[in-house]
Amino acid sequence: MASKPKLHYFKGRGRMESIRWLLAAAGVEFEEDFIKTKEDLEKLKTDGSLLFQQVPMVEIDGMKMVQTRAILNYIAAKYKLCGKDLKENALMDMYIESIMDLGEMVMYLPFKPADTKEKELALIIERANTRYFPVFEKTLKDHGQDYLVGNRFSRADVQLLEVILMVEELKPDVLSKFPLLKTYKGRISNVPTIKKFLLPGSARKQQLSEKELAEAIKIFH
738 MASKPKLHYF KGRGRMESIR WLLAAAGVEF EEDFIKTKED LEKLKTDGSL LFQQVPMVEI
798 DGMKMVQTRA ILNYIAAKYK LCGKDLKENA LMDMYIESIM DLGEMVMYLP FKPADTKEKE
858 LALIIERANT RYFPVFEKTL KDHGQDYLVG NRFSRADVQL LEVILMVEEL KPDVLSKFPL
918 LKTYKGRISN VPTIKKFLLP GSARKQQLSE KELAEAIKIF H
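Under the numbering used here, the first residue of the sequence shown carries the number 738, and numbering increases by one thereafter.
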């Protein structure tokens with residue numbers, strides 16, 4: 738029996754969270770080996786586990802994979818969460834790159850200087866409302882289907898729901914002008930594997946507390 742994927746990262750969202758989401762969406766159980774100290778990270782570096790001396794790192798199918806997008810691509814292909822042809826994958830890639838752009842803005846917000854956070858928050862909401870969410874609202878309207886690409890559940894749906902929930906933590910009514918996206922959010926949230934991942938006690942990580950944020954900074958800086 739194949740061993741479960743093992744995820745190496747600190748106990749927070751960061752660049753590993755989309756990987757957790759995608760594995761959970763595929764119904765794959767995984768283990769986590771949390772990096773708790775700078776020494777833990779150095780050990781991974783010195784024992785040759787990290788190809789480019791950085792995490793996230795996922796042990797899967799005999800490989801020690803690094804680079805978030807490479808890991809996500811592998812998981813999507815392995816568990817058939819990608820497009821059915823070259824064009825669908827190209828469209829999916831465009832959507833996912835934009836989703837990750839917005840997600841990174843949210844991810845970096847807690848690390849911004851206190852005197853710039855309000856401005857950064859306003860920029861995130863502005864981009865969500867004028868650059869990103871209108872595209873997905875129009876896509877859902879134009880094709881009239883339940884899912885983002887190819888009328889079947891894919892990694893694009895997983896990653897879009899993830900970022901919607903991230904932005905809603907900052908502004909709960911952010912979807913008020915996007916009725917189709919709001920309905921879509923409910924639909925994807927009820928996919929059985931996603932519904933399970935959204936339950937309390939799952940491997941999904943919550944926003945970092947101030948203490949946890951300070952600990953993460955000590956590990957990586």
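The beta carbon of each residue, even a glycine, is placed where N, CA and C say it ideally should be.
Residue j beta carbon less than 8 Å from that of residue i
i	j	result
Q896	S755	yes
I772	F789	no
A940	E796	no
V886	E825	yes
L778	I956	yes
G749	E947	no
I901	K922	yes
A865	L898	no
L829	C819	The sequence shown places Met at residue 829, rather than the Leu named in the question. Cβ distance < 8 Å, so M829 and C819 count as in contact.
I925	D879	no
Whole-Å CB distance - residue i paired with residue j, under 8 Å assumed
i	j	result
I931	A807	Contact doesn't hold; Cβ gap of about 23 Å is too wide.
L781	F767	At roughly 17 Å, the Cβ-Cβ gap does not stay under 8 Å, so L781 and F767 are not in contact.
R892	L759	6 Å
T805	R752	5 Å
S786	K775	Contact doesn't hold; Cβ gap of about 16 Å is too wide.
Residues sharing a beta bridge with residue i, DSSP
i	result
I797	M800
D879	DSSP, once it has assigned bridges, lists no residue as partnering D879.
Three-state secondary structure assigned by DSSP to residue i
i	result
L744	strand
D910	coil
F771	strand
D777	helix
E766	coil
F873	helix
V900	helix
F848	helix
F957	helix
Residue i Cβ short of 7 Å to the ligand COA heavy atom set
i	result
E834	The ligand COA is absent from the structure shown, which contains no ligand whatsoever.
Would you check if the region 895 to 910 and the region 847 to 864 touch, i.e. whether three or more CB-CB distances between them fall below 8 Å? yes
Task: Segment contact flag, the region 912 to 924 with the region 863 to 879, C-beta cutoff 8 Å, min 3 pairs - done: yes
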